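Below is one structure, written out as structure tokens; the observations come after it.
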Amino acid sequence: MNREKVVLVNEKDTVIGEMEKLAAHEQGKLHRAFSVFIFNENGFLLLQQRANDKYHGAGLWTNTCCSHPGLNEGVKESAIERLEYEMGIKCELEFLFSFIYRSEVENNLIEHEYDHVYCGVTDMHPYPNALEVQAWKWAKPETILNDLNENPGNYTVWFKKIFERVMLARKKSSGKN
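Taking our numbering, I'd label the letters of the sequence shown as residues 87 to 263.
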């Protein structure tokens, strides 16, 4: 499951083309992406530490899974497939929200994504793909928030932008105030 191209979109998530992944990140082109957050029944979030040979974000902690859908793929279907590829987990996903962000990252690259954020719940044991993931852990959201504040350099830029929004969206959907 090697994704060498990304889907270019406008600010309304309308497809405007396709581009080689590295070139899109070098030029900061807005492209479609997804981020998956998997929680267990106790409310712990499954984090992954990205493999050391990733072209950016190498060795950083982030949400359970993230990637880019192909040109003629549904975003949710692609997210489900990628979750199994990266973490060895099959799980139903619920759409939470989408948003646009732009951040400069290492290696003179720019993340500029129209990111679709999904959430799922499972107690399955992950079996990560070593090409994508070097470590994983289940963590309490409160512990993650504290660590994000104390050690922000240990996390990917997108995770820092999304985490609190995901927690708020989950709280709203569960009816807890």
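For each residue, glycine too, the CB sits at the ideal point set by N, CA and C.
A quick note: this is a predicted structure, and the numbers were derived from the prediction, not measured.
Would you please state the rounded distance, in angstroms, between the beta carbons of residue i and residue j? I believe it to be under 8 angstroms.
i: Pro155; j: Arg188; result: At roughly 19 angstroms, the Cβ-Cβ gap does not stay under 8 angstroms, so Pro155 and Arg188 are not in contact.
i: Lys226; j: Phe130; result: 6 angstroms
i: Glu218; j: Glu163; result: Not confirmed; about 19 angstroms, so no contact.
i: Ala255; j: Phe183; result: 6 angstroms
i: Glu199; j: Val243; result: Not quite, the Cβ-Cβ distance comes to about 10 angstroms (not below 8 angstroms), so this is no contact.
i: Gly206; j: Glu178; result: 6 angstroms
Please report the residue range of the alpha helix (DSSP H) in which residue i lies.
i: Lys107; result: Lys107 to Gln113
I'd like to know whether the C-beta of residue i is nearer than 8 angstroms to at least one C-beta of chain D.
i: Tyr200; result: Absent from the structure is chain D; it holds one protein chain and no more.
List the endpoints of the continuous beta strand (DSSP E) containing residue i.
i: Glu231; result: Sequence check: residue 231 is Leu here, not Glu. Taken as a continuous stretch (DSSP letters only), Leu231 belongs to no beta strand (DSSP E), being part of the alpha helix (DSSP H) at Pro227 to Glu236.
Name the one or two DSSP bridge partners that residue i has.
i: Val243; result: Answer is none; Val243 lacks a bridge partner.
i: Glu104; result: Val93
i: Phe120; result: Ser153 and His202
Which runs of the alpha helix (DSSP H) spanning at least 4 residues fall entirely within the segment 123–206, listed in chain order?
161–173
For the pair the segment 105–123 and the segment 144–153, tell me if three or more CB-CB distances fall below 8 angstroms.
Touching, per the Cβ criterion.
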